[in-house]
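Okay, so here's the structure we're looking at.
Protein chains: 4
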Amino acid sequence: MMRFRALAFLTALVCAAALAFAEAKPRARDLGVPFDGIPGPNNAVTDVRGVEVGHTTLISGSGKLNIGEGPVRTGVTAIHPRGKNANDSVFGAWFTLNGNGEMTGTTWLEDSGFLNGPIMITNTHSVGIVRDAVIAWKVKRGEPDMEGYWWSLPVVAETWDGYLNDINGFHVKPEHVFHALDSAHGGPVEEGNVGGGTGMICNEFKGGIGTASRVLDAKAGGYTVGVLVQCNYGRRDQLRIAGVPVGKEIPEHPAYGQDVGSIIIVVATDAPLIPTQLKRLARKASLGLGRDGSYSGDGSGDIFVSFSTANPRAAAPKDVHDLKMLPNDSLDPLFLATVQATEEAVINAMVAAETMTGIDGHTAIALPHDRLREVLKRYNRLAK
Amino acid sequence: MMRFRALAFLTALVCAAALAFAEAKPRARDLGVPFDGIPGPNNAVTDVRGVEVGHTTLISGSGKLNIGEGPVRTGVTAIHPRGKNANDSVFGAWFTLNGNGEMTGTTWLEDSGFLNGPIMITNTHSVGIVRDAVIAWKVKRGEPDMEGYWWSLPVVAETWDGYLNDINGFHVKPEHVFHALDSAHGGPVEEGNVGGGTGMICNEFKGGIGTASRVLDAKAGGYTVGVLVQCNYGRRDQLRIAGVPVGKEIPEHPAYGQDVGSIIIVVATDAPLIPTQLKRLARKASLGLGRDGSYSGDGSGDIFVSFSTANPRAAAPKDVHDLKMLPNDSLDPLFLATVQATEEAVINAMVAAETMTGIDGHTAIALPHDRLREVLKRYNRLAK
Amino acid sequence: MMRFRALAFLTALVCAAALAFAEAKPRARDLGVPFDGIPGPNNAVTDVRGVEVGHTTLISGSGKLNIGEGPVRTGVTAIHPRGKNANDSVFGAWFTLNGNGEMTGTTWLEDSGFLNGPIMITNTHSVGIVRDAVIAWKVKRGEPDMEGYWWSLPVVAETWDGYLNDINGFHVKPEHVFHALDSAHGGPVEEGNVGGGTGMICNEFKGGIGTASRVLDAKAGGYTVGVLVQCNYGRRDQLRIAGVPVGKEIPEHPAYGQDVGSIIIVVATDAPLIPTQLKRLARKASLGLGRDGSYSGDGSGDIFVSFSTANPRAAAPKDVHDLKMLPNDSLDPLFLATVQATEEAVINAMVAAETMTGIDGHTAIALPHDRLREVLKRYNRLAK
Amino acid sequence: MMRFRALAFLTALVCAAALAFAEAKPRARDLGVPFDGIPGPNNAVTDVRGVEVGHTTLISGSGKLNIGEGPVRTGVTAIHPRGKNANDSVFGAWFTLNGNGEMTGTTWLEDSGFLNGPIMITNTHSVGIVRDAVIAWKVKRGEPDMEGYWWSLPVVAETWDGYLNDINGFHVKPEHVFHALDSAHGGPVEEGNVGGGTGMICNEFKGGIGTASRVLDAKAGGYTVGVLVQCNYGRRDQLRIAGVPVGKEIPEHPAYGQDVGSIIIVVATDAPLIPTQLKRLARKASLGLGRDGSYSGDGSGDIFVSFSTANPRAAAPKDVHDLKMLPNDSLDPLFLATVQATEEAVINAMVAAETMTGIDGHTAIALPHDRLREVLKRYNRLAK
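Protein chains in written order, with our numbering: chain E, 6 to 389; chain R, 6 to 389; chain P, 6 to 389; chain H, 6 to 389.
Below, the structure is given as structure tokens:
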């Protein structure tokens with residue numbers, strides 16, 4: 006990923022961390038956090054073949070809030086279910102655990118069973134610009150969508166970064182959206198203070214983007230489940246890591262006094278699921294959040310979207326489609342994988358994120374790795 | 006269909022009218038009511054190949070209500086999606102237009118996307134006995150269901166017949182349920198005062214069971230949509246037939262002063278639809294009701310269920326299923342067929358039903374055929 | 006309403022027709038279309054006290070489509086539940102009859118039961134710009150919302166005007182949104198080719214904005230129900246007006262060969278309804294559409310939103326709120342009023358709209374008033 | 006509670022354990038399991054004033070399954086929101102985490118926002134008999150319900166006990182339902198192998214009925230949240246207690262190889278919540294299950310119902326009701342209490358349940374208390 010070129014009206018722009026750097030950072034299981042299940046090669050949503058993720062990260066300015074001027078701590082993340090060059094829908098579904106948030110495009114996702122185009126995640130007040138920019142990006146390609154419609158209903162979700170970011174300055178611009186879309190890639194996914202997650206706070210530690218995956222054993226079909234979260238929820242004293250009350254053990258430097266945050270969860274799989282089944286998969290992400298201690302406060306926009314990369318061309322114009330469908334009674338390993346990958350992706354977001362100071366000197370501290378290891382050890386839960 | 010054999014504890018029991026008789030009765034279009042679209046050979050839900058319908062009709066006693074003794078004006082109707090001898094699920098879905106009613110089994114229908122076994126319709130206070138009797142009927146077959154479960158979650162719906170029937174006498178018994186299940190058949194469907202519809206009232210005329218169907222033209226796939234209703238809703242002055250304000254023109258002998266009734270609508274098709282699509286089909290039945298003038302009052306249980314007989318064995322134990330799916334952008338003719346068949350099935354129920362007197366001398370008069378023709382003619386809408 | 010001032014980057018902009026002119030135009034009932042129920046003084050959504058409606062209408066250019074240049078036939082409509090100067094939420098709810106469309110803000114509407122701020126309607130590809138502009142408009146006021154949140158989740162809906170309008174030129178700009186918001190007013194509402202409805206097509210006639218209202222009698226509480234639609238749905242041959250098959254009788258000059266359109270329906274009332282009840286109210290709008298002949302095709306975004314202006318300050322910070330709630334069994338007159346007002350608002354939209362030619366010479370003809378009267382008369386349904 | 010009197014056709018019947026005995030049994034926190042939050046005086050759903058719980062427990066026979074003869078290990082549990090003598094609805098709502106189960110009465114619960122009468126829980130194949138028996142029990146009282154309707158739509162839920170119980174023998178009879186309804190009481194609630202929970206299995210240990218409560222501090226309004234579960238879900242290796250992987254540490258004597266079970270969760274509160282808010286409360290129970298390690302398998306009927314005892318007479322016939330409503334932004338302590346009480350109620354069910362042998366010698370062992378303490382201690386999580 007290259008540095009995004011400055012444009013005339015550009016606010017300062019900092020790219021997502023280079024891959025080499027991202028890989029050098031320890032992830033939760035590197036620190037000895039024990040998780041169940043077998044992750045894929047990147048322990049990332051991109052372990053589901055075809056999935057690509059791109060980030061645009063906007064960091065500039067410091068000090069006192071000056072609306073429209075900054076400080077800026079925000080961005081946008083794009084997830085392409087079949088890669089940025091595909092024009093092929095996927096079966097999809099969604100679920101709301103707590104609705105204090107926005108995910109556009111869900112009405113048609115619900116009724117059609119299809120997700121057309123990318124999933125975008127950004128800050129609360131930039132959902133509109135991102136949505137229309139996705140349409141503009143599609144318009145350049147000059148085709149109707151896979152279902153034959155000439156209009157687009159993009160899926161764009163958000164969490165609120167106004168504690169660190171000049172959210173009312175509307176700093177996300179169309180070119181940032183295009184960059185996230187165009188720079189998306191497979192392989193390792195940048196985590197922490199990147200993309201839509203740049204200014205996010207999770208359990209009163211610095212949060213942001215996190216990801217994880219699980220691979221089912223061959224008997225269960227060998228399918229992969231990948232999860233990506235934009236993590237901005239939670240109260241410190243509720244945080245559990247691997248069941249250990251880590252939040253209570255590390256009470257220092259809370260960012261907020263209450264749960265006003267949110268989490269967007271994207272669940273991807275290559276298992277051949279139809280929309281009815283994908284809705285259930287999305288709903289199960291709740292249980293992973295439960296393991297981490299969330300109680301999903303009134304201020305949370307805990308909104309989840311799921312898709313399956315199986316059944317290519319299922320939305321193409323044709324008389325009758327041939328589909329593959331996993332039987333319902335084979336879903337258990339996928340449900341469990343979703344719970345496990347969600348549980349881990351949230352912790353990965355906090356482990357990857359670094360302390361950040363934003364508007365008005367507001368600071369969210371990173372989860373201290375050494376303290377985490379100490380606490381896990383005291384509860385006999387340190388894996389290595 | 007033969008007279009159901011009397012049993013020791015039996016209340017008097019009157020079978021559904023013999024087929025020969027049923028066929029002799031004029032239906033709405035025989036009276037010159039104009040409807041759009043092309044019906045199937047029986048203009049009935051059974052035009053969807055495999056669908057079988059059975060009724061048990063319970064009529065006994067007259068005069069003053071004596072709870073537990075009668076008068077009895079009730080029954081039960083069974084709809085087998087693939088016939089009574091199949092052990093094969095169908096894809097299904099449901100929708101509630103107004104929820105003052107019961108349809109059991111919908112939670113798993115919603116989540117699994119499958120309908121296992123028959124759809125039953127009876128009176129409000131007999132839903133439980135019918136439900137457990139369906140399980141008993143399945144238990145006799147001694148197998149788990151198609152999805153491998155050893156339990157059953159039958160779909161049983163109801164409307165309230167307590168204006169004519171001793172509903173608190175609980176007159177529906179397991180053997181009546183078995184009879185409806187076992188006597189189900191394809192071909193013409195008995196309408197009016199039969200089965201679950203025996204004591205029902207529709208737009209303040211005598212209501213009950215009605216059915217209709219539509220066949221798509223070959224370009225649209227040649228699929229069939231069949232609708233069966235148990236019709237117990239509506240206020241006279243709202244009734245429209247073929248758009249004509251018939252209810253206002255025939256105000257005599259209203260049965261009720263307000264809409265306290267309900268309608269159960271079953272939509273069947275052989276088009277290869279997945280559950281997401283079937284839910285939309287069920288929802289469209291609302292528009293057929295709208296054409297007939299319903300405003301779906303607070304007391305209505307307007308609950309609709311839909312299924313597709315395509316994709317046999319889709320719930321069987323297997324690694325991965327091969328399915329057929331119609332593209333979403335081919336659904337329009339099915340949506341229109343559902344609206345049209347619903348519009349007609351309601352009118353068919355009223356046309357077939359005959360004046361009935363029940364408890365305490367309460368009477369619901371039949372829609373007078375000659376008056377209907379007169380009114381249609383006055384509005385230039387008489388088809389023949 | 007004054008002419009909107011031209012800005013530097015402005016496309017040509019034509020204001021909504023002046024009120025005087027709007028009032029001079031006949032409405033459906035002026036032409037003798039018979040409708041049931043008693044309308045309010047303006048027969049408009051603004052008969053619900055406090056409701057204000059504003060339009061920005063963008064019409065410029067003609068001839069061949071040149072993306073970004075025009076022709077432009079679009080706009081934006083704002084509905085303020087309590088007027089443009091209120092900072093007070095209303096109880097609200099929503100419903101989807103067919104989901105091929107967008108209405109942002111519904112996840113929180115669903116979960117909170119509150120609608121914060123205005124409802125906006127525009128074209129499909131301008132939803133994002135309108136959404137963010139509503140936030141910017143609120144930011145200028147510098148307060149958290151009524152529920153204490155510092156973020157906004159505006160409700161913005163759309164239908165597709167790309168047959169007449171250069172929709173991919175993204176002609177709606179923030180200042181157009183501000184104008185619609187700031188120019189909103191009570192009293193008569195402009196109908197037809199105005200605001201978000203400017204380029205819309207309904208039953209293959211020119212469509213757009215329509216409105217109607219009903220006033221309950223004193224015994225039922227004397228409440229008002231107002232409906233506003235942005236009408237862009239339907240196939241000509243299905244159109245019924247007052248039950249008469251007008252679409253079949255006036256087959257000339259169809260704009261499309263299939264139902265690819267949509268309808269947004271806003272239902273307002275001053276009856277004290279809680280969100281559970283408002284959801285039912287929204288759902289009943291389907292039955293009004295049914296009366297007009299809709300079958301809600303796959304391409305339709307038929308999405309409805311409802312609100313109650315009762316219970317002011319119900320979302321204000323406070324220990325415990327005192328609410329008023331109408332009993333469920335008093336809802337029938339409101340349900341019927343919703344059905345009736347929806348039925349009429351759609352016809353009002355077509356009656357008000359005027360023939361329009363847009364991109365590439367595409368033309369949508371107005372419903373011919375004289376022909377309509379002829380047809381109604383032939384079916385003995387002309388009211389005067 | 007007295008021994009239920011034998012009737013002519015009676016199967017052997019064993020009453021719920023006497024209260025004195027029930028109180029003598031240790032509960033989870035007595036064993037040193039650490040839980041957050043402050044429980045009410047009984048740490049039970051009955052801490053919400055007015056709530057009464059009654060059980061009928063049916064245990065008879067042993068050895069080989071003889072359908073209709075036994076062995077019998079089943080029962081029925083009744084929860085009266087306002088006590089058995091009230092004829093007053095409560096606001097209510099429901100949520101499905103996984104739908105492989107039944108809860109009748111939810112369609113009207115959803116649409117009306119009211120719960121009329123008791124919540125019943127039994128085995129899967131006795132839902133019907135229990136439903137109709139609740140109606141019969143109401144009929145004896147001879148009144149329409151609070152909303153003026155003469156019909157009843159009881160709420161009856163289930164989980165499957167066919168591993169231990171002759172479920173196809175249909176051993177629950179109307180008199181057992183009446184007994185559960187009539188014997189309901191406030192104060193301590195019998196847990197474990199009682200009522201509907203008699204034959205249930207949870208995380209491959211013996212399960213059944215469990216309960217817990219939380220009391221909010223005065224600043225948060227001092228409200229109480231009570232939870233009652235019928236616990237029949239889960240795979241041993243997923244079980245976490247207070248975050249500790251207890252299931253993996255005590256792998257002996259698993260009852261099943263897969264998650265084919267379910268859980269019904271009842272959430273009660275005296276906080277003045279409207280139905281929209283109660284739906285959110287029900288949904289949060291998922292997070293409590295998540296803390297205990299559930300992944301909510303395909304075979305699970307994880308269905309939750311919630312109600313508020315505030316707003317008495319809200320469904321009574323009246324012009325307009327006066328309600329109290331807690332603001333949305335005061336819900337967080339109630340959400341957290343729901344999560345905490347759910348987490349504890351599940352563990353309480355397992356702690357109270359005793360080893361049971363049922364049909365065909367199938368045995369479900371009790372969670373061994375001493376082993377539990379050992380494991381908690383090893384993970385530094387033993388509270389005392």
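No residue lacks a Cβ here, since even glycine has one placed at the ideal position from N, Cα and C.
Item: Quick check: the region 359-371 of chain E against the region 204-217 of chain E, are there 3 or more CB pairs under 8 Å?; Value: yes
Item: My output table needs one value for Gly204 (chain P): the three-state DSSP class, helix, strand or coil.; Value: coil
Item: Use the C-beta contact count for Gly71 (chain R): other C-beta atoms within 10 angstroms, 16 or more gives buried, fewer gives exposed.; Value: With the sequence shown as reference, residue 71 (chain R) is identified as Asn, and Gly is not the correct amino acid for it. Flag for Asn71 (chain R) reads exposed.
Item: Would you verify that the beta carbon of Asn385 (chain R) is, or is not, closer than 7 Å to some beta carbon of chain P?; Value: yes
Item: Note down, one range per segment and in chain order, each alpha helix (DSSP H) of at least 4 residues found wholly within the region 329-359 of chain H.; Value: 337-357
Item: Could you pull out every residue in the same chain whose Cβ sits closer than 6 Å to the Cβ of Lys143 (chain R), ignoring the five residues on either side in sequence?; Value: Ser157
Item: I'd like the span of the beta strand (DSSP E) that includes Val281 (chain E), first residue to last.; Value: The question names Val, but residue 281 (chain E) in the sequence shown is Thr. No beta strand (DSSP E) holds Thr281 (chain E); the alpha helix (DSSP H) holding it covers Pro280 to Arg296.
Item: What does the alpha-carbon distance come out to for the pair Phe26 (chain H) and Glu196 (chain H)?; Value: Since pLDDT at Phe26 (chain H) reaches only 46, below the 50 mark, its modelled position is unreliable, and the value read off the structure follows with that caveat. In a straight line, the C-alpha of Phe26 (chain H) is about 11 Å away from that of Glu196 (chain H).
Item: Answer with buried or exposed for Ser67 (chain H), where buried requires no fewer than 16 other C-beta atoms within 10 angstroms of its C-beta.; Value: exposed
Item: Roughly how many whole angstroms lie between the Cα atoms of Arg241 (chain H) and Val81 (chain H)?; Value: 26 Å
Item: Are the beta-carbon atoms belonging to Ala162 (chain H) and Met108 (chain H) less than 7 Å from one another?; Value: yes
Item: So is Arg146 (chain H) buried or exposed if we call it buried at 16+ other beta carbons inside 10 Å?; Value: exposed
Item: Just checking: is the beta-carbon of Ser117 (chain H) within a distance shorter than 7 Å of some beta-carbon in chain P?; Value: yes
Item: Please state whether DSSP places Leu114 (chain P) in a helix, a strand or coil.; Value: helix
Item: Just to check my reading of the structure: Val351 (chain P) and Asp297 (chain P) have Cβ atoms closer than 8 Å, yes? What is that Cβ distance to the nearest angstrom?; Value: 5 Å
Item: Among the candidates R:Asn170, R:Leu63 and R:Lys382, whose CA atom is the shortest distance from the CA of Ile246 (chain R)?; Value: R:Lys382
Item: Could you compute how far the alpha carbon of Gln235 (chain E) sits from the alpha carbon of Val310 (chain E)?; Value: 12 Å
Item: On the three-state DSSP scale, how would you describe Lys143 (chain E)?; Value: helix
Item: With a threshold of 8 Å, are at least 3 pairs of Cβ atoms found where one atom belongs to the region 118-129 of chain E and the other to the region 117-135 of chain P?; Value: no
Item: Using the rule of at least 16 other Cβ atoms within 10 Å of the residue's Cβ for burial, across every protein chain shown, is Ala388 (chain P) buried or exposed?; Value: exposed
Item: Starting from the beta carbon of Ala141 (chain H), find every residue of chain A whose beta carbon is closer than 9 Å, and list them in chain order.; Value: Absent from the structure: chain A. Protein chains present are E, R, P and H.
Item: Assuming Pro252 (chain E) is part of the alpha helix (DSSP H), what are its boundary residues?; Value: Reading the sequence as shown, one finds Gly at residue 252 (chain E) and not Pro. That run of the alpha helix (DSSP H) goes Val251 to Glu254.
Item: Give the single residue among R:Trp113, R:Val182 and R:Val139 whose Cα lies nearest to the Cα of Asn333 (chain E).; Value: R:Trp113
Item: Considering just the uninterrupted stretch of the beta strand (DSSP E) at Val95 (chain E), what are its terminal residues?; Value: Val95 to Gly104
Item: Using a cut-off of 8 Å between C-beta atoms, extract the partners of Phe340 (chain P) located in chain R.; Value: Tyr300, Ser301, Gly302 and Asp303
Item: Can a CB atom of chain E be found closer than 7 Å to the CB of Phe9 (chain H)?; Value: In this predicted model, Phe9 (chain H) has a pLDDT of only 40, less than 50, meaning its place in the structure is not dependable; the value taken from the coordinates is given anyway. No, its Cβ sits nowhere closer than 7 Å to a Cβ of chain E.
Item: Determine, using beta-carbon pairs with one atom in the region 267-285 of chain R and one in the region 127-139 of chain H, whether at least three such pairs fall under 8 Å.; Value: no
Item: Taking the alpha carbon of Ala358 (chain H) as the reference point, which residue from H:Ala321, H:Pro44, H:Gly201 and H:Val50 has its own alpha carbon closest?; Value: H:Gly201
Item: Identify the contact partners of Ser157 (chain P) in chain R, using a Cβ-Cβ distance below 8 Å as the criterion.; Value: Going along chain R, no residue has its Cβ under 8 Å from Ser157 (chain P), so there is no contact; the nearest lies around 31 Å.
Item: Could you give the C-beta distance for Gly306 (chain P) and Asn105 (chain P), rounded to a whole number, given that I count them as a contact under 8 Å?; Value: 5 Å
Item: In terms of residues, what are the limits of the alpha helix (DSSP H) holding Phe183 (chain E)?; Value: Pro179 to Asp187
Item: What are the residues in the region 274-295 of chain H lying within 8 Å of chain E by C-beta distance?; Value: Arg285, Arg288, Lys289, Ser291, Leu292, Gly293, Leu294 and Gly295
Item: Does the distance from the C-beta atom of Leu233 (chain R) to that of Ala83 (chain R) stay below 7 Å?; Value: no
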